[in-house]
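This report concerns only the one structure given below.
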Ligand code: SF4
Ligand code: F3S
Ligand code: FES
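Numbering (my numbering), first residue to last: 3 to 233.
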C-alpha cells in the first residue's frame, strides 16, 4: 500500500524554525512505522535524524508523536495508523535534530530520585530474600523502559519542566515499596518538594501513553498516599 508520511523536520544548523517534510513510501500493512521511517532515511532522504536501537519495544529509544500520540515507532503497525501518518518529536524536551530530542533533562530527573537499591546492611551469603507478596507491591513499576512517553505527554511537565515527571516517580515507586530497600524516606523527601509528586493533577495522559502498560497514575497515587502518611 502507498503510505504518506508527514514528518516534522528541524536542523538547528540550517533552519530558523521547524517545517513539515512530505514522503510517500510503499509499505506492507504489517510493517511498523519504524520500517517506513527507515525507508525514508535509507532510500529517500538520508538526512532524516531519528533515534532507535532494538526495534522490538525493549530499549525505549524511539518514542515519538505518531498521529498526535506518544508511541514507540517500532511497536506501531502501519495498518493501525492508516495511510497518512504524521510524525513529530516528543514534546517538552529540546529538539536536537528532526525526531531526536535531548534526553538529558529527563535522565537528570530520573537520577534525582535515587533509582537503585540502597541497603547498607552487610550483604548476606546468597541473596536478600523477599516474600512474593512484598515483591508484588512494586511489580508493575519494574517494567519501565525509560522511554519518556509518559513524562512528555504530561501537560504539567510541558508547562513546567521542573516537575520531576511521571517516569521518575514510577522509578522511585519501584524502590520505595521494595522491602529490601532502606532509602524510601529519602526518596519521599525528594518527592515531597515543590517539583515532586503533588504537581501531578491526575490527568492520566501518562498512563495512556505507556507502551509497557504500567499503571503510571496509580503508582503516582501510591507515592502521594505514602507522602500523606508521613505528614
Ligand atoms: Fe515509558 Fe512507561 Fe516507563 Fe513512562 S513508565 S518511561 S511511558 S515505560
Ligand atoms: Fe501528568 Fe500523569 Fe499526573 S499526565 S498530571 S503525571 S496523571
Ligand atoms: Fe527499541 Fe523501539 S527501537 S523500543
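Glycine is no exception: its CB is placed at the ideal position from the N, C-alpha and C atoms.
So does residue i have its beta carbon nearer than 7 angstroms to some heavy atom of the ligand FES?
i           : result
residue 54  : yes
residue 80  : no
residue 68  : no
residue 60  : yes
residue 212 : no
residue 150 : no
For residue i, I'd like the list of residues in its chain whose CB is within less than 6 angstroms of its CB, leaving aside the five on either flank, ordered along the chain.
i         : result
residue 9 : 23 and 89
Are residue i and residue j touching if we call contact CB-CB under 8 angstroms?
i           : j           : result
residue 59  : residue 168 : no
residue 258 : residue 3   : Examination of residue 258 is not possible in this model, given that the chain is present from 3 through 233 alone.
residue 32  : residue 81  : yes
residue 91  : residue 97  : yes
residue 103 : residue 35  : no
residue 101 : residue 57  : no
May I ask whether a heavy atom of the ligand F3S can be found less than 7 angstroms away from the beta carbon of residue i?
i           : result
residue 207 : yes
residue 218 : yes
residue 230 : no
residue 202 : yes
residue 107 : no
Ordered along the chain, which non-local residues of its own chain (more than five positions away) have a Cβ less than 7 angstroms from that of residue i?
i           : result
residue 20  : 10, 11 and 12
residue 120 : 183, 184 and 185
residue 159 : 94, 153, 165 and 167
residue 218 : 152, 168, 172, 208, 209 and 212
residue 2   : The chain is shown only over 3 to 233; residue 2 falls outside these bounds and no answer can be derived.
Considering just the uninterrupted stretch of the beta strand (DSSP E) at residue i, what are its terminal residues?
i           : result
residue 189 : Residue 189 -> not in any beta strand (DSSP E); alpha helix (DSSP H) instead, spanning 186 to 193.
residue 4   : 4 to 11
residue 86  : 86 to 90
residue 25  : 21 to 28
residue 99  : 97 to 99
residue 144 : Careful: residue 144 lies outside any beta strand (DSSP E) and carries neither H nor E.
residue 65  : 65 to 68
residue 71  : 71 to 74
With a CB to CB cut of under 8 angstroms and the five nearest residues on each side skipped, what residues in its chain are close to residue i?
i           : result
residue 144 : 176
residue 163 : 94 and 107
residue 193 : 115, 166, 171, 174, 199, 225 and 229
Indicate, with yes or no, if the ligand SF4 has a heavy atom lying under 7 angstroms from the CB of residue i.
i           : result
residue 117 : no
residue 147 : yes
Would you mind reading off the limits of the alpha helix (DSSP H) that contains residue i?
i           : result
residue 162 : Unbroken run through residue 162: none, as it is neither H nor E.
residue 229 : 218 to 231
Worksheet entry | Inter-stretch contact at 8 angstroms, needing at least 3 Cβ pairs: the region 167 to 185 / the region 134 to 153 | yes
Worksheet item: Does the count of Cβ pairs from the region 103 to 114 and the region 147 to 159 closer than 8 angstroms reach three?
Response: yes
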